[in-house]
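Under numbering that gives the first Met the number 0, the first residue of the sequence shown carries the number 0, and numbering increases by one thereafter.
Idealized CB from N, CA, C, for every residue including glycine.
Quick caveat: nothing in here was measured; it's all calculated off a predicted structure.
Beneath this line is the structure, given in structure tokens, with notes to follow.
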Amino acid sequence: MAGTQASEGKLYLCAIKDVFSGRIVGYSIDSRMKSRLAVQALENAVAMRGDVAGCVVHSDRGSQFRSRKFLRALTRHRMVGSMGRVGSSGDNAAMESFFALLQKNVLDRRSWTTREQLRIAIVTWIERTYHRRRRQRRLGRLTPIEFETIMNTTVALAA
Numbered sequence: 000m001a002g003t004q005a006s007e008g009k010l011y012l013c014a015i016k017d018v019f020s021g022r023i024v025g026y027s028i029d030s031r032m033k034s035r036l037a038v039q040a041l042e043n044a045v046a047m048r049g050d051v052a053g054c055v056v057h058s059d060r061g062s063q064f065r066s067r068k069f070l071r072a073l074t075r076h077r078m079v080g081s082m083g084r085v086g087s088s089g090d091n092a093a094m095e096s097f098f099a100l101l102q103k104n105v106l107d108r109r110s111w112t113t114r115e116q117l118r119i120a121i122v123t124w125i126e127r128t129y130h131r132r133r134r135q136r137r138l139g140r141l142t143p144i145e146f147e148t149i150m151n152t153t154v155a156l157a158a
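This is the structure in structure tokens:
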């Protein structure tokens, strides 16, 4: 979860990453860092992926991820929660890397007057750049969307 400032006030982003494909499969943006932000990101990930029973959701130890609402959402979707050790950002390196890229490529480049401008900049970067243009070495220099397309085609052909 990351927070950033527009002239009008703060915005918080909670994102859920599929570590196999590198794709951000669910995210939520709000002016308050509450449990509903994390729950909505999880619900968006479930809506995108469908049957997620047995999937592991790894997070830091933020109160949003320890809340009853979030834990109930995990249970409802038969997912497994996992938390990193206190003060160990390496335990959540995939998300730390994503947020560092967002900071460098979007948030540090300019300032925004309104939260809506900032929200649009974040969503645009995730959907247009991170998913469709940013090639990842661990995916064989493919973008997350290219990688998923190839993997889904391979699975369909094998069936």
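Give every residue of the same chain whose Cβ lies closer than 6 Å to the Cβ of residue i, excluding the five residues on either side of it in the sequence, and list them in chain order.
i: LYS9; result: GLY2
i: CYS54; result: MET78
i: ASP17; result: VAL24
i: ARG75; result: none
i: VAL45; result: VAL51 and HIS76
i: VAL56; result: MET78 and GLY80
Please report the distance separating the alpha-carbon of residue i from that of residue j.
i: PRO143; j: ILE15; result: 14 Å
i: ILE149; j: LEU141; result: 10 Å
i: TRP111; j: ALA5; result: 5 Å
i: ARG114; j: ILE125; result: 17 Å
i: ASN91; j: GLN135; result: 18 Å
i: SER62; j: THR152; result: 39 Å
Who are the near neighbours of residue i in its chain, counting only those whose CB is closer than 8 Å to its CB and skipping five residues on each side?
i: GLY139; result: PHE146
i: ARG132; result: THR142
i: ARG118; result: LEU10 and ILE28
i: THR30; result: Looking at the sequence provided, one finds Ser at residue 30 rather than Thr. Excluding sequence neighbours, SER30 sits near GLY8, LYS9, LEU10, TYR11 and ARG114.
Considering only residues of the same chain and omitting the five flanking positions on each side of residue i, which have a CB-CB separation below 7 Å?
i: GLU7; result: THR112, THR113 and ARG114
i: ALA120; result: VAL105 and TRP111
i: ARG48; result: VAL24
Quick check on residue i: buried or exposed, where buried means 16 or more other Cβ atoms within 10 Å of its Cβ?
i: ARG127; result: exposed
i: ALA99; result: exposed
i: GLY21; result: buried
i: SER96; result: exposed
* Ranges of the beta strand (DSSP E) found wholly within the stretch 56-101, counting only runs of at least 3 -> 79-82
* To do: Could you say if the stretch 61-74 and the stretch 31-47 meet the contact criterion of at least three C-beta pairs nearer than 8 Å?
  => When C-beta atoms of the stretch 61-74 are compared with those of the stretch 31-47, three or more pairs fall below 8 Å, so the two segments count as touching.
* Fully enclosed by the stretch 1-58, which beta strand (DSSP E) runs are 3 residues long or longer? -> Listed in chain order, the complete beta strand (DSSP E) runs (minimum 3 residues) inside the stretch 1-58 are 1-5, 8-16, 23-29 and 55-58.
* Contained alpha helix (DSSP H) runs [length at least 4] in the stretch 102-138, N- to C-terminal order -> The stretch 102-138 contains these whole alpha helix (DSSP H) runs: 114-123.
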